[in-house]
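Participant: Below is a structure I'd like to ask you about.
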Amino acid sequence: MSDVSSPVPTAAPAGDCHAEWKRPPAEKPPLDLATVRGRLEGQRGPQYWRSLEEVAATPEFEELLHREFPRFAAEWPAGVSRRNFLQLAGASLGLAGLTACTRQPIERIVPYVKQPEEILPGRPLHFATAATLSGFATGLLVESHEGRPTKIEGNPDHPASQGATDAVTQASILGLYDPDRSQTTLELGRISTWRGLATALMAALGEQSAKSGAGLRILTGPVTGPTEAALMEQLLADYPEAVWHRWDPLGADHQRRGVAAAFGAPHSIRYEVGRADVLVALDADFLTQGAGAVRHAREFAARRRVTVDGPQMNRLYVAEVSPSPTGSVADHRLPVRPSQLPALVRALAARVGVDGVAAPADLEPRLERFAAAAAADLAAHRGRALVVAGESLPAAAHALIAAINDALGATGETVVYGEPIEARPVDGLASLADLARALRAGAVDLLVISGVNPVYDAPADLDFAAALHQDKTLRVHHGLYADETAEHCQWHLPAAHYLESWGDARAVDGTVSLVQPLIEPLYGGKSLAELIAALLGRTEASGYDLLQEHWQEKLGEPSFEDAFRRALHDGLVAGSALVPAAVALAPDAAAAAAAALAAAPAASGLELALRPDASVLDGRFANNGWLQELPKPITKLTWDNPVMLSPRTAEALGVHNEDLVEIEAGGRRLSAPAWILPGQADGTALLHLGYGRRRAGRIADGLGVSAFALQTSEARWNLAGVTVRKARGTKPLACTQGHYAIRGWLADETEEAERRHLVRVGTLERFRDNPAFAADYEHEGLDPNLSLMPGFDYSRGHAWAMTIDLGACTGCNACVVACQAENNIPVVGQDQVRRGREMHWIRIDRYFRGGLDEPEGIVSQPIVCMQCEQAPCEVVCPVAATVHSSDGLNDMVYNRCVGTRYCSNNCPYKVRRFNFLLYQDWETPQFKLQRNPDVSVRSRGVMEKCTYCVQRINRVRIAAERDGRRVEDGAIQTACQQACPSQAIHFGDLNDPASKVAATKRDPRNYVLLGELGTRPRTSYLAVVQNPNPELAG
Amino acid sequence: MSVADLPNARPPGDLPVLAPGHGPASITDKISSVVFGRMPIWFYVAMAIAFGGAMVLLASLTKLVFTGIGIWGNNQPVGWGFDIINFVWWIGIGHAGTLISAILLLLRQEWRTSINRFAEAMTLFAVACALIYPLFHTGRPWLAAYWLLPYPNTMGMWPNFRSPLIWDVFAVSTYASVSALFWYIGLIPDLAVMRDKAKKLWQRKTYGLFSMGWRNSARHWHNYESAYLLLAGLSTPLVLSVHSVVSFDFASGQIPGWHATIFPPYFVAGAVFAGFAMVLTLAIPLRRAFGLEDFITTKHLDNMGRVMLVTGLIVGYGYVMELFTAWYSGNLYEMYMVKNRLFGPYSWIYYLLIVCNILAIQPLWLQRFRRSVVSLWVISMFVNFGMWFERFVIIPMSLHRDFLPSSWDMYNPTRWDFATFFGSIGLFLALMFLFVRVLPAIAMFEMKTLTPDAKIKEGAH
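As you go down the protein sequences, you meet chains A and B in turn. One point on numbering: in the working numbering, the residue at position 535 of the first sequence is 1612, and numbering is uninterrupted. One point on numbering: in the working numbering, the residue at position 322 of the second sequence is 333, and numbering is uninterrupted.
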């Protein structure tokens, strides 16, 4: 473990950049420690001390001392006394010996001499904390094994999580242990210290205090944490002329502007998806992306769980550019070009009766039809209707949608407005542009950038990297990685991961979550609060103290200690949710918005949509191997961001999968491989953000292309008049499903999947007529229990089983990453994925339904091990390495496996995964810390597969057996089940008739995959029920 | 299957199995001269090339053990690729030897005599090449080497006797040991001849050691004949069982394209087909190179051509039945398997298979082609390739698109796959060259029973 703390220099920036970097010019170069040390070196013996005396007497040294030891400055007397001299002499001699020795200490493993409270070796503890994304908190419970956080779960008490998480949050545990995280403070690319940086900051701030901070600029992401916000307020009070800029490439600027236009104030917005009977989502992937997505998915799925007693469900209309998970679960999905969306909004507004809005005259018939049906449906469900718009829609569209929702009586019902969650909300893009202008004008002396990476992700027209290069500006970057922005700053300070730091943040409903660390900062990183405190002069303030100080008064009654402990334990401060604000639509806001939309110039030519990537978002998670290898929803691509084209558009351009194409937009061009995606709107191209990183780390560097290079301040999400040309050459892509030409392979796959009835879909109408419609596809007279082999009696003891509700599954991938974290599943890399050797134990199959040009639907089907009672894998293993347990699990004995791969060949579901090479990283010490000690780390040559999280089963089962009680239903949760935002997965004991899983097995929608093979799977599926609008049928 | 039963058969005796004018002495001289004479320069060149191939095999297996199966193209869902294709291909080739030695001996087909030694050697070497694959294709060969064997151990573990791979272990190891024994027993009288003919002391000592004190006594001959006949009886079921058991690897699996009851007979016929093709591939150049046309006569070639035709037709029937069964069963997965063979991404390999294994053998109906060494050799090469393609069709092509379309994938062999394959061919040829150089490639004493003298004596009894 000693390696962890050793300062490993990260790659130094390119040499040519160095030449351009200059220290901020000062009137007189101040003497710093290095100079002093240099002066002192080369002198020996008694002269040494005499020299110090001499040096200390200089005014430069006095100044240095004040900067270096601000707190103790007063204690240094004017002259050096004999006593002080001797103290220093002794300390110097004593400490001098330490520097010479670079040998690592010998590590001994010893048992606890004193047992730490609550820690039982082998028994994990869970601590509540919170992760933030764009400032919004998701409450978490983090599993800790002997002080090592290993697995992230949702906090069931937290409003934004309710026990579930999304994929990026699941993967953030790997981000904590990322060996490519910046590990030391850097000055001009060379290793430095926090002390050194603090000195530099104090000097620069000293100048600023003279001019009340006129040259001080701070750039952060959105901040919702009360502690950080309060510290920032204090800083802005100390330096009244300083400016706090905010930048978030995924920020909801359009929405904020739209809401402000509609209601006159930048209210926060929250959707009560569960209350809505009819939902319309316009290019909004609200079930898997953005603030509150986890909660939306849960509430949405709850309204689609039809039963025989209550055959009612909500209805979702989606109009979107490219298929998203939300679009895949829609009852009606309409592919539209980005330029058509504003007209669609106007049509909806006119039809639901928003005052002063006229329907657009020239709407395409299919849009007209969609708008008519959706508007009628919305209007028929006043107060129970909801229209959600994505950030790619212009601000005016957001304003108009606010008016639509208001007209539908949704305000306060399904859409709740409140005070802003963010501290001092600003328009991110405007704020960043301001900063760039100020930099160019030479008005910035000190710029502190924390947690954002504008050099990479600012719109190309800002040319932020160039703006940053001001000789007079001292630039300090604070972040998890020494990234592209750090490269352009003189100083870089490693940030503490949220699992290493104290803090707080607000959830989408305003609830405050406390962030508590699970581990000491691995590389001595600082949190944002600590950095702001340092700017306030408190360079050594700890995050814990800052947090406590802030909450001291707020939680003061009756006992601060109790209240604080309770908040830490619960992960949230009870009753801190914001109260809904009463809003009133500005009188002519709707008409003005509609006019603005109508006045927008018509788009011509091919339209390019830039959207956040499903896995790495805007690139902030780019260096996370789990996320890179995560097959993206719908496309099932990994490790790259090709240009998505619809089949017709690709054909018109003469482009095939993996062909390189050149995109030209507004004079900027880039070249990327193409990928054909059924369900995308014709005449559009789509490129995901988050790739083309240069300094993200060893995982992400050089993957894909940066879509930010095409982004401009005016057109961040949609670019019109784009040309896409076929270029020479191809670039191989790693896709986990369907690796071949679109017409041949995908058409065959789609046709066969439908013929084999792998995913069974019925309408609500059909369900009402025949709830067991899924059984219609079974072979008549087939007895699945027919077998030559004697059966096994599973009726005693436990019989573990799982059901997966396909109607609830959005394909969001949270389960895949959860499984990877829980079960120590390795990352294999792009090349191995291309060879078809990805290792995920749970995969999400995607099938299109209907034609490729206009697919009727897209379905996601998670596939885990079916735990067949008559398992085909078991008979064929020559060494009995895969055997059946008495509770019905198909166990895999890694130690016994010799790796013939026969079991995998014979598995009809192909759920087995083979370690073709040594995929596990056995060397990197950080990764050793992450692994779940309850699960074997597999070596090469061994087969592995889903175990139903047998380690979780056995922990609960053994405890229950010890206490002589039966395992309670729900006490065991598999990792995938626990992470699932839409609660699509049920697991439990079939022998317990009252269990949830037994109930779902009795559900008429229940069916098994390939039941006719006689494998008798324990995993079964609940058929999809859709609720299409009869008016749009046919 | 007697030659007389074949269609288009001519009366036996139409062609001699031994060219006229040979007596015991000339047979011994001619055959042993290959061993004792000087080898032409091409022999050493060819041997060097073959040995180089064997070294390629060594290098690729070393790389394999140190790096992992991942150097090959195997993936999910295609768990078996070149490794098992090559295994089945080599095992198939290894069928001709025992068939010729044992079954034809029992059927008293005297034309077998000149080719049996050579075919048996080929069998042994082919089985040796085949055995490389099941061991090294495993993820952890250092454990697979003994965990598949039933041996008492502290873990208290037996292998899983329900697994066809365990049946394979027994079937192939039995076959290998019985074939080796059979071959060696058959060699003993000739080793004694070599001992007696050898000029150099070390040669006499070595041949003497392996001839186990053979003194040509009547008692020796009596024991020898009984032992040889018994082993022939023992080998006969093995010829049928080995490839039947190998076919169980597939037939007892679930995968469409594997799960078929026709596999055992179809595999055995295919194996004989492949084996005879390989015997012809090797025998035709060999008899030319060492002037053995008197012993391996046109009659032998003609007969082997007939066997190839018959077994090839059986194999062709198998192909047709696969298509028929899929259609007749109405099973979705089987029907798609056929569709994928005929029109899928690897359909070109299926058509190559049809060309090589069905169309290319049709000229064998005509005597002209059966008696022309060139056409026979070309056809035999077609069959060698065709049988390899057949295993490709059965193994990766069935696996790459099975039940769930989501797990479909392509199988792309790597250069290491090819290196291992060509390396094993190198090893096989190197062993064949060594065999020809140090042992009589044709059974001398059995050839002598074909001389007119032997016949007269037989008649006099």
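From the three backbone atoms N, C-alpha and C, an ideal C-beta is built for every residue, glycine too.
To the nearest angstrom, how far is it from the Cα of B/F278 to the Cα of B/G329?
Facilitator: When rounded, the distance between both Cα atoms is 9 Å.
Participant: To which residues of the same chain is A/L1217 closer than 8 Å at the C-beta, ignoring the five residues directly before and after it?
Facilitator: Answer for A/L1217: A1205, T1206, A1207, A1208, I1229, E1230, G1231, N1232, H1235, S1238, T1242, T1246 and G1648, listed in chain order.
Participant: A/G1913 touches chain B at which residues, Cβ-Cβ below 7 Å?
Facilitator: Going along chain B in sequence order, the residues near A/G1913 (Cβ under 7 Å) are N86, Q87 and D420.
Participant: Return the bridge partner residues of A/G1648 from the DSSP annotation.
Facilitator: According to DSSP, which records beta bridges pairwise, A/G1648 is partnered with nothing at all.
Participant: Tell me which residues of the segment 403 to 418 of chain B have at least one Cβ-Cβ distance to chain A shorter than 8 Å, keeping chain order.
Facilitator: The segment 403 to 418 of chain B vs chain A, Cβ under 8 Å: L410, D413, F414, L415, P416, S417 and S418.
Participant: With a cut-off of 8 Å, do at least 3 Cβ pairs link the segment 1357 to 1374 of chain A to the segment 1501 to 1509 of chain A?
Facilitator: Contact fails: fewer than three Cβ-Cβ distances are below 8 Å.
Participant: Please classify B/T73: does DSSP put it in a helix, a strand, or coil?
Facilitator: It is helical.
Participant: Mind checking B/L415: buried by the 16 CB within 10 Å criterion, or exposed?
Facilitator: B/L415 is buried by the Cβ-count criterion.
Participant: Apply the 10 Å Cβ neighbour rule to B/W359 and answer buried if 16 or more other Cβ atoms are within range, or exposed otherwise.
Facilitator: With fewer than 16 other Cβ atoms within 10 Å, it is exposed.
Participant: Enumerate, from N- to C-terminal direction, the unbroken alpha helix (DSSP H) stretches of 4 or more residues contained entirely within the segment 1884 to 1940 of chain A.
Facilitator: Runs found: 1891 to 1899 and 1907 to 1911.
Participant: Would you decide whether B/W194 is buried or exposed? Buried here means 16 or more other CB atoms lie within 10 Å of its CB.
Facilitator: So B/W194 counts as buried.
Participant: CA-CA distance, A/L1929 and B/M398?
Facilitator: Approximately 39 Å, taken between the alpha carbons.
Participant: How close, in whole Å, do the beta carbons of B/R206 and B/G219 come, if the pair is a contact with beta carbons under 8 Å?
Facilitator: Rounded, the Cβ-Cβ distance is 5 Å, consistent with contact.
Participant: Taking 8 Å as the threshold, find out whether the segment 1688 to 1700 of chain A comes into contact with the segment 1737 to 1750 of chain A through three or more Cβ pairs.
Facilitator: No, because fewer than three Cβ pairs between the segment 1688 to 1700 of chain A and the segment 1737 to 1750 of chain A fall closer than 8 Å, the two stretches do not touch.
Participant: Taking all protein chains shown into account, do 16 or more other C-beta atoms lie within 10 angstroms of the C-beta of A/E1946, making it buried, or fewer, making it exposed?
Facilitator: Its Cβ being crowded by 16 or more others within 10 Å, A/E1946 is buried.
Participant: What is the rounded straight-line gap between the Cα of B/E121 and the Cα of B/E131?
Facilitator: Taking the straight line joining both Cα atoms gives about 16 Å.
Participant: Tell me, please, whether the segment 2017 to 2033 of chain A touches the segment 1962 to 1971 of chain A by the rule of three or more beta-carbon pairs shorter than 8 Å.
Facilitator: Yes: at least three Cβ pairs fall under 8 Å.
Participant: Do you know offhand how far B/D305's Cα is from B/G286's?
Facilitator: About 23 Å.
Participant: Let's see if you can read the secondary structure: which residues bound the beta strand (DSSP E) around A/P1536?
Facilitator: Per DSSP, A/P1536 belongs to no beta strand (DSSP E) and is neither H nor E.
Participant: Hey, A/K1803 and A/W1918: beta-carbon distance below 8 Å or not?
Facilitator: Going by C-beta atoms, A/K1803 is not nearer than 8 Å to A/W1918.
Participant: Identify the continuous alpha helix (DSSP H) that holds B/L343 and give its terminal residues.
Facilitator: L343 to F354 is the extent of the alpha helix (DSSP H) around B/L343.
Participant: Would you mind telling me which residues of chain A sit closer than 7 Å to B/R173, beta carbon to beta carbon, in chain order?
Facilitator: By Cβ distance, chain A contributes V1952.
Participant: Hey, does A/A1830 have any beta-carbon neighbour from chain B nearer than 8 Å?
Facilitator: For A/A1830, the answer is yes, since a Cβ of chain B falls inside 8 Å of its Cβ.
Participant: Within 10 Å of its beta-carbon, does A/H1646 have 16 or more other beta-carbons around it, so buried, or fewer, so exposed?
Facilitator: Under this definition A/H1646 is an exposed residue.
Participant: By the DSSP assignment, the alpha helix (DSSP H) with A/R1832 in it spans what residues?
Facilitator: Where A/R1832 is concerned, the enclosing alpha helix (DSSP H) stretches over A1824 to R1832.
Participant: Tell me which same chain residues have a C-beta within less than 6 Å of the C-beta of B/W269, skipping the five on either side of it?
Facilitator: Excluding residues within five positions, the ones whose Cβ falls inside 6 Å are F261 and S409.
Participant: Below 8 Å, how does it come out for the segment 1769 to 1783 of chain A and the segment 1557 to 1571 of chain A: are there three or more Cβ pairs, yes or no?
Facilitator: Touching, yes, given that three or more Cβ pairs across the two stretches are closer than 8 Å.
Participant: Would you kindly work out how many angstroms separate the C-alpha atoms of A/D1870 and A/V1952, rounded to a whole number?
Facilitator: Their backbone Cα atoms lie some 18 Å apart in a straight line.
Participant: Between which two residues does the beta strand (DSSP E) harbouring A/A2037 extend?
Facilitator: First-last for A/A2037: V2027 to D2040, but that is the alpha helix (DSSP H), not the beta strand (DSSP E).
Participant: Answer with yes or no whether the minimum CB distance from B/G51 to chain A is below 8 Å.
Facilitator: Before going further, note that residue 51 of chain B is Pro rather than Gly in the sequence given. B/P51 does not count as touching chain A.
Participant: Using C-beta distances below 8 Å, list every residue in its chain close to A/A1749, excluding the 5 sequence neighbours before and after it, in chain order.
Facilitator: N1718, P1719, V1720, L1737, V1738, I1740, L1764, G1781, V1782 and K1808.
Participant: What's the C-alpha gap between A/L1613 and A/W1324?
Facilitator: Cα-Cα distance, rounded: 22 Å.
Participant: Can you tell me whether A/K1099 is helix, strand or coil according to DSSP?
Facilitator: Low per-residue confidence applies at A/K1099: pLDDT is 43, beneath 50, and the placement is therefore not dependable, though the value from the model is reported in the following sentence. Correct three-state label for A/K1099: coil.
Participant: Could you give the first and the last residue of the continuous alpha helix (DSSP H) run that contains B/P200?
Facilitator: P175 to K208 is the span of the alpha helix (DSSP H), which, as asked, contains B/P200.
Participant: List, in chain order, every chain B residue whose beta-carbon is nearer than 7 Å to that of A/L2149.
Facilitator: A query on residue 2149 of chain A cannot be resolved here, the shown segment of chain A reaching from 1078 to 2111 and no further.
Participant: Could you please give me the residues that DSSP links to A/P1750 through a beta bridge?
Facilitator: DSSP, once it has assigned bridges, lists A/L1737 as partnering A/P1750.
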